[in-house]
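Q: One point on numbering: in UniProt numbering, the residue at position 51 of the sequence shown is 51, and numbering is uninterrupted.
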Amino acid sequence: MFQPFPMLAGRRAQVFRHQPQYRRPRHFHEEPEINLVARGTGIMGVGERVVPLVAGTLLYFAPGQDHALLDESMDFVLYVAALRPELAARIAGAASKVALDAVQLTPAVRAEELALLGALDRARDTSVVEHRLAELFERSLSNVPLPHVVSRRSFELLRLDPSLPGAALAARLHTGESGISRRFRKDVGVNVVEYRARLKLMQFVAEVDRGASFARAAYAVGFGSYAQCHRVFTRALGCAPQAYFGGQRAALTEMTLPMHG
1 MFQPFPMLAG RRAQVFRHQP QYRRPRHFHE EPEINLVARG TGIMGVGERV VPLVAGTLLY
61 FAPGQDHALL DESMDFVLYV AALRPELAAR IAGAASKVAL DAVQLTPAVR AEELALLGAL
121 DRARDTSVVE HRLAELFERS LSNVPLPHVV SRRSFELLRL DPSLPGAALA ARLHTGESGI
181 SRRFRKDVGV NVVEYRARLK LMQFVAEVDR GASFARAAYA VGFGSYAQCH RVFTRALGCA
241 PQAYFGGQRA ALTEMTLPMH G
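1) For residue 69, does the three-state DSSP call read helix, strand or coil?
2) Should residue 140 be flagged as near chain D, meaning a C-beta pair shorter than 8 Å?
3) Whose CA, out of 40, 121, 47, lies closest to the CA of residue 13?
4) Evaluate the contact criterion for the stretch 177 to 188 versus the stretch 213 to 232: three or more CB pairs, one atom per stretch, below 8 Å.
5) In its own chain, which residues sit with a C-beta less than 8 Å from the C-beta of residue 228, not counting the 5 before and 5 after it?
6) In this structure, does DSSP put residue 52 in helix, strand or coil?
7) Since residue 79 sits in a beta bridge, which residues does DSSP pair it with?
8) Between which two residues does the alpha helix (DSSP H) carrying residue 226 extend?
9) Report the residue from 87, 64, 106 whose alpha carbon sits nearest the alpha carbon of residue 37.
10) Rank 257, 145, 176, 191 by C-alpha distance to the C-alpha of residue 58 and give the top, closest one.
11) Let's see if you can read the secondary structure: which residues bound the alpha helix (DSSP H) around residue 61?
12) Which residues does DSSP pair with residue 44 in a beta bridge?
13) Do residue 252 and residue 244 have their C-beta atoms within less than 8 Å of each other?
14) Could you check which residue in 35, 48, 64 has the C-alpha nearest to that of residue 54?
15) To the nearest whole angstrom, what separates the beta carbons of residue 180 and residue 154, a pair I think is in contact under 8 Å?
16) The alpha helix (DSSP H) with residue 27 in it runs from where to where?
17) To the nearest angstrom, how far is it from the Cα of residue 44 to the Cα of residue 215?
18) Sort 21, 127, 125 by Cα distance to residue 321 and report the nearest one.
19) Kindly give me the distance between the Cβ atoms of residue 147 and residue 78, rounded to whole angstroms, as I take these residues to be in contact under 8 Å.
20) Are there 16 or more other CB atoms within 10 angstroms of the CB of residue 165, so buried, or fewer, so exposed?
21) Within this structure, are the beta carbons of residue 255 and residue 30 separated by less than 8 Å?
22) Tell me the rounded alpha-carbon separation between residue 261 and residue 210.
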């Protein structure tokens with residue numbers, strides 16, 4: 001489901017230590033996100049992939065990439081950080097790069113990054129948090145394993161223009177649509193059609209927030225009709241746009257899962 005990152009009001013960057021009682025359902029959002037495991041073990045679902053977590057595992061979730069913490073040990077400690085899109089846009093790759101898999105940090109690097117995240121979690125100076133988290137994202141993105149060039153370029157092009165038709169995407173990449181779809185789903189964990197719909201959905205919400213009517217917002221972001229937008233929206237959020245913007249938004253944004261046991 002679409003569930004924006006729980007950023008504090010007025011912040012463009014945020015880090016917090018995961019609390020089991022606030023575990024979220026599988027979700028995606030516009031904010032690029034980094035997770036770093038400090039202690040314990042767990043399992044993360046990223047699209048159709050399942051990623052084992054141990055101390056030092058670093059994951060990067062691109063905008064629109066769904067993820068969910070599926071399991072965690074009793075001693076599990078995880079730091080979560082994210083950037084607002086306007087801050088991420090200043091960092092090379094933060095808005096357009098997608099990681100193929102997790103990274104395992106060395107003990108020395110892990111200790112340094114965890115000390116930083118712990119300090120930023122307690123910091124009150126928002127400019128310091130923004131600057132240091134932006135640096136962390138830049139370092140991390142320079143080390144994540146990248147997917148096949150077809151998936152990488154597809155992701156970049158769709159981020160620039162979610163309305164880009166499959167045929168046009170194939171022409172740009174000089175390959176077939178079916179080949180793009182198979183590779184993209186394998187590498188990113190979601191198919192091209194679904195990822196394109198998520199990008200449009202997030203843009204639709206932003207357009208409505210800026211004051212556009214539902215119909216105008218739907219056409220502005222590239223949905224062929226408001227009916228198509230309504231179907232995508234309802235599938236992603238479990239309610240119609242009228243209900244979401246009419247009062248259900250807060251409950252869905254803050255939705256968490258019950259604790260185990």
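Ideal Cβ placement from N, Cα and C applies to all residues, glycine included.
A: Quick answer:
1) Looking at residue 69 - three-state DSSP - the assignment turns out to be strand.
2) No chain D appears in the structure shown, which is made up of a single protein chain.
3) Closest by alpha carbon: 121.
4) The answer is no - the stretch 213 to 232 does not touch the stretch 177 to 188, with fewer than three Cβ pairs under 8 Å.
5) Sequence-distant Cβ neighbours of residue 228 in its own chain, meaning closer than 8 Å and more than five residues away, are 218.
6) The answer is strand: DSSP assigns residue 52 an E or B state.
7) When beta bridges are read from the DSSP output, residue 79 appears opposite 17, 36.
8) Start and end: 226 to 237.
9) Answer by Cα proximity: 106.
10) Among 257, 145, 176, 191, the Cα nearest to that of residue 58 belongs to 145.
11) For residue 61, no alpha helix (DSSP H) run applies; the uninterrupted beta strand (DSSP E) run containing it begins and ends at 57 to 61, by DSSP.
12) Answer by DSSP bridge pairing, in chain order: 51, 69.
13) Against a cut-off of 8 Å, the Cβ pair of residue 244 and residue 252 comes out as a contact.
14) Answer by Cα proximity: 35.
15) Approximately 6 Å separates the beta-carbon atoms of residue 180 and residue 154; this is inside 8 Å, confirming the contact.
16) Counting along the chain, residue 27 falls outside any alpha helix (DSSP H), and DSSP gives it neither H nor E.
17) For residue 44 and residue 215, the gap between their C-alpha atoms comes out near 37 Å.
18) Nothing about residue 321 can be read from this structure; the chain reaches only from 1 to 261.
19) That belief does not hold up - the Cβ atoms of residue 147 and residue 78 are roughly 24 Å apart, past 8 Å.
20) When all chains shown are included, residue 165 counts as exposed.
21) Cβ atoms of residue 255 and residue 30: not closer than 8 Å.
22) For residue 261, the predicted structure reports a pLDDT of 47, less than 50, and the residue's modelled location is therefore unreliable. A value from the coordinates is still provided. Looking at the two C-alpha atoms, the distance is approximately 42 Å.
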